[in-house]
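Here's the structure we're looking at; comments come further down.
In the working numbering, the protein residues as written are -5 to 105.
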């Protein structure tokens, strides 16, 4: 419950997005989005979800990347680039976070 509260606090305290926000459709009785307007909010959600799935030591091996996909954020861990080596996969956690609803989908470990 504490991690969810942290994620909600991050959402509430986040500044508005600097770029154009996605068009979020109104649903009666629900809060109008976007509820994940910035990469920092997406980072906080990722951290809250990843924390119980991997140790801090395991997480520290990766570089976290957050890519704006328009209606969602692609958030993923990748191994740092090593000069002269090509790295594919690497076992980091990946997820897609919907900007309008905050829903997490396509969560998996990279191969």
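Quick reminder that beta carbons are idealized off the backbone N, C-alpha and C, glycines included.
Scan the stretch 2 to 65 and note each continuous alpha helix (DSSP H) run of 4 residues or more that stays entirely inside, going in chain order.
-> 33 to 44, 50 to 53
Kindly give me the distance between the Cβ atoms of residue 26 and residue 65, rounded to whole angstroms, as I take these residues to be in contact under 8 angstroms.
-> Between residue 65 and residue 26 the Cβ distance is about 15 angstroms, and since that is not below 8 angstroms, they are no contact.
With 16 as the cutoff for other CB atoms within 10 Å, does residue 59 come out buried or exposed?
-> That one is exposed.
By how many angstroms is the C-alpha of residue 68 removed from the C-alpha of residue 35?
-> For residue 35 and residue 68, the distance between alpha carbons rounds to 12 angstroms.
Could you tell me which residues DSSP puts in a beta bridge with residue 80?
-> In DSSP, residue 80 forms no bridge with anything.
Does the Cβ of residue 47 have 16 or more other Cβ atoms within 10 Å, making it buried, or fewer, making it exposed?
-> exposed
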